[in-house]
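**Student:** The listed protein sequences derive, respectively, from chains A, B, C and D.
Start counting the first sequence at 16; every next residue gets the next number (our numbering).
Start counting the second sequence at 16; every next residue gets the next number (our numbering).
Start counting the third sequence at 16; every next residue gets the next number (our numbering).
Start counting the fourth sequence at 16; every next residue gets the next number (our numbering).
Positions of the beta carbon are idealized from the N, C-alpha and C atoms, including for glycine.
Take a look at this one; I'll ask things after.
There are 4 protein chains.
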Amino acid sequence: MKDQRKIAGVSEEEIINVIRESLTLPKKEKQATKELVNEAYVVSTTKYNLSTEKLSEENKAAHQELLEGYAKALNEISAALDTADRDAANPNNSVFRSLKIDETHNLNATFLHAMFFENISDLRSTLSMDSLTHMRLERDWGSFDAWQRDFIACALSSRNGWVVTVYNVFLKRYMNVVVDLHSSGIPFSSIPIVVIDCWEHSYYRDYLKDRRSYVFTMMKELKWSTIEERIRKVERMIEASK
Amino acid sequence: MKDQRKIAGVSEEEIINVIRESLTLPKKEKQATKELVNEAYVVSTTKYNLSTEKLSEENKAAHQELLEGYAKALNEISAALDTADRDAANPNNSVFRSLKIDETHNLNATFLHAMFFENISDLRSTLSMDSLTHMRLERDWGSFDAWQRDFIACALSSRNGWVVTVYNVFLKRYMNVVVDLHSSGIPFSSIPIVVIDCWEHSYYRDYLKDRRSYVFTMMKELKWSTIEERIRKVERMIEASK
Amino acid sequence: MKDQRKIAGVSEEEIINVIRESLTLPKKEKQATKELVNEAYVVSTTKYNLSTEKLSEENKAAHQELLEGYAKALNEISAALDTADRDAANPNNSVFRSLKIDETHNLNATFLHAMFFENISDLRSTLSMDSLTHMRLERDWGSFDAWQRDFIACALSSRNGWVVTVYNVFLKRYMNVVVDLHSSGIPFSSIPIVVIDCWEHSYYRDYLKDRRSYVFTMMKELKWSTIEERIRKVERMIEASK
Amino acid sequence: MKDQRKIAGVSEEEIINVIRESLTLPKKEKQATKELVNEAYVVSTTKYNLSTEKLSEENKAAHQELLEGYAKALNEISAALDTADRDAANPNNSVFRSLKIDETHNLNATFLHAMFFENISDLRSTLSMDSLTHMRLERDWGSFDAWQRDFIACALSSRNGWVVTVYNVFLKRYMNVVVDLHSSGIPFSSIPIVVIDCWEHSYYRDYLKDRRSYVFTMMKELKWSTIEERIRKVERMIEASK
Numbered sequence: 016m017k018d019q020r021k022i023a024g025v026s027e028e029e030i031i032n033v034i035r036e037s038l039t040l041p042k043k044e045k046q047a048t049k050e051l052v053n054e055a056y057v058v059s060t061t062k063y064n065l066s067t068e069k070l071s072e073e074n075k076a077a078h079q080e081l082l083e084g085y086a087k088a089l090n091e092i093s094a095a096l097d098t099a100d101r102d103a104a105n106p107n108n109s110v111f112r113s114l115k116i117d118e119t120h121n122l123n124a125t126f127l128h129a130m131f132f133e134n135i136s137d138l139r140s141t142l143s144m145d146s147l148t149h150m151r152l153e154r155d156w157g158s159f160d161a162w163q164r165d166f167i168a169c170a171l172s173s174r175n176g177w178v179v180t181v182y183n184v185f186l187k188r189y190m191n192v193v194v195d196l197h198s199s200g201i202p203f204s205s206i207p208i209v210v211i212d213c214w215e216h217s218y219y220r221d222y223l224k225d226r227r228s229y230v231f232t233m234m235k236e237l238k239w240s241t242i243e244e245r246i247r248k249v250e251r252m253i254e255a256s257k
Numbered sequence: 016m017k018d019q020r021k022i023a024g025v026s027e028e029e030i031i032n033v034i035r036e037s038l039t040l041p042k043k044e045k046q047a048t049k050e051l052v053n054e055a056y057v058v059s060t061t062k063y064n065l066s067t068e069k070l071s072e073e074n075k076a077a078h079q080e081l082l083e084g085y086a087k088a089l090n091e092i093s094a095a096l097d098t099a100d101r102d103a104a105n106p107n108n109s110v111f112r113s114l115k116i117d118e119t120h121n122l123n124a125t126f127l128h129a130m131f132f133e134n135i136s137d138l139r140s141t142l143s144m145d146s147l148t149h150m151r152l153e154r155d156w157g158s159f160d161a162w163q164r165d166f167i168a169c170a171l172s173s174r175n176g177w178v179v180t181v182y183n184v185f186l187k188r189y190m191n192v193v194v195d196l197h198s199s200g201i202p203f204s205s206i207p208i209v210v211i212d213c214w215e216h217s218y219y220r221d222y223l224k225d226r227r228s229y230v231f232t233m234m235k236e237l238k239w240s241t242i243e244e245r246i247r248k249v250e251r252m253i254e255a256s257k
Numbered sequence: 016m017k018d019q020r021k022i023a024g025v026s027e028e029e030i031i032n033v034i035r036e037s038l039t040l041p042k043k044e045k046q047a048t049k050e051l052v053n054e055a056y057v058v059s060t061t062k063y064n065l066s067t068e069k070l071s072e073e074n075k076a077a078h079q080e081l082l083e084g085y086a087k088a089l090n091e092i093s094a095a096l097d098t099a100d101r102d103a104a105n106p107n108n109s110v111f112r113s114l115k116i117d118e119t120h121n122l123n124a125t126f127l128h129a130m131f132f133e134n135i136s137d138l139r140s141t142l143s144m145d146s147l148t149h150m151r152l153e154r155d156w157g158s159f160d161a162w163q164r165d166f167i168a169c170a171l172s173s174r175n176g177w178v179v180t181v182y183n184v185f186l187k188r189y190m191n192v193v194v195d196l197h198s199s200g201i202p203f204s205s206i207p208i209v210v211i212d213c214w215e216h217s218y219y220r221d222y223l224k225d226r227r228s229y230v231f232t233m234m235k236e237l238k239w240s241t242i243e244e245r246i247r248k249v250e251r252m253i254e255a256s257k
Numbered sequence: 016m017k018d019q020r021k022i023a024g025v026s027e028e029e030i031i032n033v034i035r036e037s038l039t040l041p042k043k044e045k046q047a048t049k050e051l052v053n054e055a056y057v058v059s060t061t062k063y064n065l066s067t068e069k070l071s072e073e074n075k076a077a078h079q080e081l082l083e084g085y086a087k088a089l090n091e092i093s094a095a096l097d098t099a100d101r102d103a104a105n106p107n108n109s110v111f112r113s114l115k116i117d118e119t120h121n122l123n124a125t126f127l128h129a130m131f132f133e134n135i136s137d138l139r140s141t142l143s144m145d146s147l148t149h150m151r152l153e154r155d156w157g158s159f160d161a162w163q164r165d166f167i168a169c170a171l172s173s174r175n176g177w178v179v180t181v182y183n184v185f186l187k188r189y190m191n192v193v194v195d196l197h198s199s200g201i202p203f204s205s206i207p208i209v210v211i212d213c214w215e216h217s218y219y220r221d222y223l224k225d226r227r228s229y230v231f232t233m234m235k236e237l238k239w240s241t242i243e244e245r246i247r248k249v250e251r252m253i254e255a256s257k
């Protein structure tokens, strides 16, 4: 019963007991509580109809399918984690570990793809110099051009991955991040603002190995209005965290 | 001159020009603006005097030195990035790429160590059941015990890395993350709440390969008051982001 | 002088001195001997004219350029390593470390691409059941079909990387390896026998996300005569190592 | 029946059929042949009694246990792979993929540890200048000192991993390799000759963060007679491969 393990005001020893308690439950009782573990989540996807003509229809359709595949994998992993055997967890060969590693892989893949689709393909792409976006990029890179140059350099540096402008809570500034695949090289506390996919599946159909042209083309159609909304939200969060 | 590249209200073609502009600057002009790139940041470290008796003094002193080494490396990288050649950036052999990859490595290493030291070694560790922490862990794992079991399983799964309870902005929930080394396997938009170092340097001196005992010991001295502050800050951020 | 540090027959103390000697050389002398370090190597590439019609000409031309890019990067790294500052080597931010990591990336990329091009695109692909290849695959997987099924499963498991059948000197058997990118997940002492590129750049132009069809197609044109030569060479090496 | 899919001398179409055949087997038949897949292997470990006094008894005992843990994990993975569902293999969430990734992790961990224990702890460590080892290191690095300096730099660069001198079949030379963890950054066709563990578990108990002293100490007790045997074997293999 919950009341029996009231924690407020207990002595150190009692806290220790609380922690020990869950670890010494007889096997059978643990089984019984397994359905409570993790509380599986479910993500759903949107159908994106990108109007850009700089990517072929085949490419766009395949990319939408990739997103859906990642979301499906993530939901399967979430469900599997719900009942995965945590007692057998270890760094070398455990189902639980593999699921957790793949959870992050598919979590990033799903949400980065969604954010990417949402911030490209704006045929009337404009960024006002008095926007918060422009001010923040100028503040943290010295100039909009400097941000741009840094962002492009990151895009061209990624090993089949992503370039992302994030707000980093630790550094209290915006920064560009080079991601390999979906989950190598990510700073904690990084909230994505501008996202461009640099996996070969993004550009090989239409640009072959010319990633530079692909990146430039995507940047010319960045949906700055969406980016501005993201930055406004982040700035509210920063303000509230003070 | 700034006025000449006013972006507000321009047509698509003009925006394209803005983006092209920075990419077609003559080499010499680029050099001239290099000092503006990145606006190097500097991080500083605190001296932690952990009162826990569960770790040896030698271990604690060495760990403090590790933290300082990471912060020093991060500052050196930040400075080097400020003037690194972005024109030569590529995925296979570029100084810029290597610096960015190592920036993330040392950024996470520095801040995770700080957060770790700040949330352990509380000899009077107590968590009230009416704390926000308890409520949120219960909400997202079904019970405090379930969080605890999941957290421990993650701690034991990491390949020389970290276990971190984070708030994930994408999933709108708290989750546990298994990190290998300092930067493999991190979900974007993850704000750390509970942090335990699982590199062998954390425990090998005092516990040899018995990571389980080390993790249990650290958990019994978690500084829940600090964790509560972190959660309160995150909850304010969540509220503000709506 | 060389004679003075004759090693044969010396006592333990003298050996220790030999090792210490090189580490206590004054900075200036070290500089003087730097040109001796590493003895830079140079690799060269072949122009492959694949006759397969299952890949587009654009794809094949771009792939050849990728190979040449990797070889060029490798040679640049080899030259840079020749004089890289080894005294500053450390795990967190050192030019030497970055060069070594990228050396392996480009070394594998270069040689795997060459081996891949050399073992595909055989329009008259045939494998005799009395070939050494067939016998070895049958021995180590139970049947040729079982190897095939395992190989395909590995090809479909790779995260933008490679599937490679290798002879592993440790296990004294052939095995299939799943590689992510160019250098994650490779067993030491593994000599490649069958190589298929599973980076998206191999198939996205022609097969979009249908990696399965691409892999099947490549397998139908495997150049078994080349694979047989590789296996014969490996078997001679095994015999000689006894 | 085997006779019906005789491969020798068949036309291209028939080969295609062979490959298709195994992929279109009805589900049930596949199940029936599953026991043939992979032919699980089993590795066994040796008990090492290192006489070195430069490592504590606790450290040595724990290290032996680590080796045994890796070998056990490898055998479990080998058995699991034997019947793992290859039809469900995919890059994002598949049991098969996870097993293959962990197979390499534990395979390297097992054999590198064995090779490490076998080439250290020689209290009478001597290397003759007319040994093959000395000649080869001198040939490929310019001098024994240059090899030594390069090897130490690699040891200090690894992120919790290994430094290994290997013979690389591609480059036809010996080279030093920096490995992170057990399986990041390994060139194919690399046969280990000199192996030193640089995971923190190797030295933290006895040297805390002073990896340099640990590495120097291990190098002073290298068992050159074992290394010479390895090089002689490799040289016979090289000769046979011509």
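Mind reading off the beta-carbon distance from C/N107 to B/H128? Whole number of angstroms is fine, and I expect it under 8 Å.
**Tutor:** Your numbering for residue 107 of chain C matches position 92 in the third sequence. Your numbering for residue 128 of chain B matches position 113 in the second sequence. No, C/N107 and B/H128 are not in contact; Cβ-Cβ is about 13 Å, not under 8 Å.
**Student:** Between which two residues does the beta strand (DSSP E) containing B/N183 stretch?
**Tutor:** Against the second sequence, residue 183 of chain B aligns to sequence position 168. Where B/N183 is concerned, the enclosing beta strand (DSSP E) stretches over G176 to N183.
**Student:** Return the Cβ separation of B/K115 and A/V193 in integer angstroms, given the expectation that the two are a contact with Cβ distance under 8 Å.
**Tutor:** On the second sequence, residue 115 of chain B is found 100 positions in, with the first residue counted as 1. On the first sequence, residue 193 of chain A is found 178 positions in, with the first residue counted as 1. Confirmed, about 4 Å.
**Student:** Which value, in whole angstroms, describes the spacing of the CA atoms of B/E138 and C/I201?
**Tutor:** As a working note, residue 138 of chain B is residue 123 in the second sequence. As a working note, residue 201 of chain C is residue 186 in the third sequence. First, the residue type needs correcting, since residue 138 of chain B is Leu and not Glu in the sequence shown. Near 45 Å, if we compare the C-alpha coordinates of C/I201 and B/L138.
**Student:** Report the three-state DSSP secondary structure of C/V58 (helix, strand or coil).
**Tutor:** Translated into positions along the third sequence, residue 58 of chain C becomes position 43. Looking at C/V58 - three-state DSSP - the assignment turns out to be coil, as it is neither helix nor strand.
**Student:** Closer than 7 Å by beta-carbon distance: list the chain D residues that pair up with B/W162, in chain order.
**Tutor:** For the purposes of this step, residue 162 of chain B is taken as residue 147 along the second sequence, with counting starting at 1. Simply none; closest approach about 24 Å.
**Student:** From the beta carbon of D/L122, is the nearest beta carbon of chain B less than 7 Å away?
**Tutor:** Here residue 122 of chain D corresponds to residue number 107 of the fourth sequence, with the count starting at 1. D/L122 does not count as touching chain B.
**Student:** Mind listing, in chain order, the continuous alpha helix (DSSP H) runs of no fewer than 4 residues lying wholly within the region 198 to 238 of chain A?
**Tutor:** The qualifying runs are 215 to 222 and 226 to 235.
**Student:** May I have the straight-line CA-CA distance separating B/E83 from B/T60, to the nearest angstrom?
**Tutor:** Translated into positions along the second sequence, residue 83 of chain B becomes position 68. Translated into positions along the second sequence, residue 60 of chain B becomes position 45. Spanning the two alpha carbons is a distance of roughly 6 Å.
**Student:** Beta-carbon within less than 6 Å of D/S10's beta-carbon, same chain only, minus the 5 sequence neighbours each way: which residues are those?
**Tutor:** Only positions 16 to 257 of chain D appear in this structure, which leaves residue 10 of chain D out of reach.
**Student:** In terms of residues, what are the limits of the alpha helix (DSSP H) holding D/D195?
**Tutor:** Position 180 of the fourth sequence, counted from the first residue, corresponds to residue 195 of chain D. Element bounds for D/D195: not the alpha helix (DSSP H) but the beta strand (DSSP E), R188 to D195.
**Student:** Find the residues of chain A that neighbour C/Y219, judging by a C-beta separation of less than 7 Å, and give them in chain order.
**Tutor:** Working through the third sequence from its first residue, we reach residue 219 of chain C at position 204. Going along chain A in sequence order, the residues near C/Y219 (Cβ under 7 Å) are E215, H216, Y219 and R220.
**Student:** Could you check whether C/A104 and D/A99 sit closer than 7 Å to each other, using their CB atoms as the reference points?
**Tutor:** Translated into the one-based positions of the fourth sequence, residue 99 of chain D becomes position 84. Translated into the one-based positions of the third sequence, residue 104 of chain C becomes position 89. For D/A99 and C/A104, no; Cβs fall outside 7 Å.
**Student:** In whole angstroms, give me the CA-to-CA distance for C/V179 and A/K62.
**Tutor:** Taking the first residue of the third sequence as 1, we reach residue 179 of chain C at position 164. Taking the first residue of the first sequence as 1, we reach residue 62 of chain A at position 47. If I take the Cα positions, the gap works out to 37 Å.
**Student:** What separation, rounded to the nearest whole angstrom, lies between the Cα atoms of D/Y218 and D/M144?
**Tutor:** One-based indexing of the fourth sequence puts residue 218 of chain D at position 203. One-based indexing of the fourth sequence puts residue 144 of chain D at position 129. Straight-line Cα distance between these residues: approximately 30 Å.
**Student:** What separation, rounded to the nearest whole angstrom, lies between the Cα atoms of C/A124 and C/H197?
**Tutor:** Counting from 1 along the third sequence, the entry for residue 124 of chain C is found at position 109. Counting from 1 along the third sequence, the entry for residue 197 of chain C is found at position 182. Each residue's alpha carbon lies about 6 Å from the other.
**Student:** Within 10 Å of its beta-carbon, does B/D212 have 16 or more other beta-carbons around it, so buried, or fewer, so exposed?
**Tutor:** In the second sequence, counting from the first residue as 1, residue 212 of chain B sits at position 197. The residue is buried, with at least 16 neighbouring Cβ atoms inside 10 Å.
**Student:** Within a Cβ cutoff of 7 Å, which residues of the same chain sit near A/D155, ignoring the five residues on either side of it in sequence?
**Tutor:** Here residue 155 of chain A refers to the residue found at position 140 when the first sequence is read from its first residue. Taken in chain order, the residues that qualify are R188 and Y189.
**Student:** Under 7 Å, Cβ to Cβ, is there at least one residue of chain A near B/M150?
**Tutor:** Within the second sequence, the letter at position 135 stands for residue 150 of chain B. No, its Cβ sits nowhere closer than 7 Å to a Cβ of chain A.
**Student:** Give the DSSP-derived three-state secondary structure of C/A104 in the structure shown.
**Tutor:** Walking along the third sequence from the start, residue 104 of chain C turns up at place 89. Coil, per DSSP.
**Student:** Please list, in chain order, all residues of the same chain as B/E242 whose beta carbon is under 7 Å from its beta carbon, the five residues on each side excluded.
**Tutor:** Position 227 of the second sequence, counting from 1, holds the residue named residue 242 of chain B. Checking the sequence, you will find Ile at residue 242 of chain B rather than Glu. These residues qualify, in order along the chain: N134, T148, I208 and V209.
**Student:** Could you tell me which chain D residues have their CB closer than 8 Å to the CB of A/G84, listed as they occur along the chain?
**Tutor:** Numbered from 1 along the first sequence, position 69 holds the residue referred to as residue 84 of chain A. Chain D residues near A/G84: N107.
**Student:** For a contact meaning CB atoms closer than 7 Å, what does C/R174 contact in chain A?
**Tutor:** On the third sequence, residue 174 of chain C is found 159 positions in, with the first residue counted as 1. Near C/R174 (Cβ distances below 7 Å), the residues of chain A are L196.
**Student:** Would B/D195 pass as a contact of B/R220 if the rule is Cβ separation under 7 Å?
**Tutor:** By one-based count along the second sequence, residue 195 of chain B stands at place 180. By one-based count along the second sequence, residue 220 of chain B stands at place 205. Not a contact, by the Cβ cut-off of 7 Å.
**Student:** For C/S66, count neighbouring C-beta atoms within 10 Å of its own C-beta (all shown protein chains included) and say buried if the count is 16 or more, exposed if not.
**Tutor:** As a working note, residue 66 of chain C is residue 51 in the third sequence. Answer is exposed; the Cβ neighbour count stays below 16.
**Student:** Is the Cβ of B/K238 closer than 7 Å to any Cβ of chain A?
**Tutor:** Mapped onto the second sequence, residue 238 of chain B falls at position 223. For B/K238, the answer is no, since every Cβ of chain A falls outside 7 Å of its Cβ.
**Student:** If distances are taken between C-alpha atoms only, which option among A/A86, A/S136 and A/M150 comes closest to A/V230?
**Tutor:** One-based indexing of the first sequence puts residue 230 of chain A at position 215. Nearest C-alpha to A/V230: A/S136.
**Student:** If you draw a straight line from the alpha carbon of A/N64 to that of C/I253, how long is it in whole angstroms?
**Tutor:** Locating residue 64 of chain A in the first sequence gives position 49, where the first residue counts as 1. Locating residue 253 of chain C in the third sequence gives position 238, where the first residue counts as 1. Computed Cα separation, rounded: 57 Å.
**Student:** For chain B, check one thing: does any of its Cβ atoms lie closer than 7 Å to the Cβ of C/A88?
**Tutor:** What you label residue 88 of chain C is simply residue 73 of the third sequence in a count that begins at 1. Yes - at least one Cβ of chain B is within 7 Å of the one on C/A88.
**Student:** Quick check: B/K257 and A/S256, are their CB atoms within less than 7 Å of each other?
**Tutor:** In the second sequence, residue 257 of chain B corresponds to position 242, counting from 1. In the first sequence, residue 256 of chain A corresponds to position 241, counting from 1. Contact flag unset, no.
**Student:** Between the Cα of A/D117 and those of A/F131, A/R101 and A/L89, spot the shortest distance and give me the residue it belongs to.
**Tutor:** Reading the first sequence from its first residue, position 102 is the one you call residue 117 of chain A. For the residues A/F131, A/R101 and A/L89, the minimum Cα distance to A/D117 belongs to A/L89.
**Student:** Using the beta-carbon count (16 or more within 10 Å), is B/S71 buried or exposed?
**Tutor:** Indexing the second sequence from 1 puts residue 71 of chain B at position 56. Its Cβ having fewer than 16 others within 10 Å, B/S71 is exposed.
**Student:** Please tell me whether B/D212 has its Cβ less than 7 Å away from any Cβ of chain C.
**Tutor:** In the second sequence, counting from the first residue as 1, residue 212 of chain B sits at position 197. For B/D212, the answer is no, since every Cβ of chain C falls outside 7 Å of its Cβ.
**Student:** Closer than 9 Å, Cβ to any Cβ of chain D: which residues of the region 63 to 77 of chain B, in chain order?
**Tutor:** Of all residues in the region 63 to 77 of chain B, E73, N74, A76 and A77 have a Cβ within less than 9 Å of some Cβ in chain D.
**Student:** Under a three-way DSSP split, which group does C/S99 fall into?
**Tutor:** The sequence position of residue 99 of chain C within the third sequence is 84, counting from 1. The identity of residue 99 of chain C in the sequence shown is Ala, whereas the question assumes Ser. If DSSP states are grouped into helix, strand and coil, C/A99 belongs with coil.
**Student:** Determine the DSSP secondary structure at A/S113, reduced to helix, strand or coil.
**Tutor:** Along the first sequence, one-based indexing puts residue 113 of chain A at 98. DSSP places A/S113 in helix when its eight states are reduced to three.
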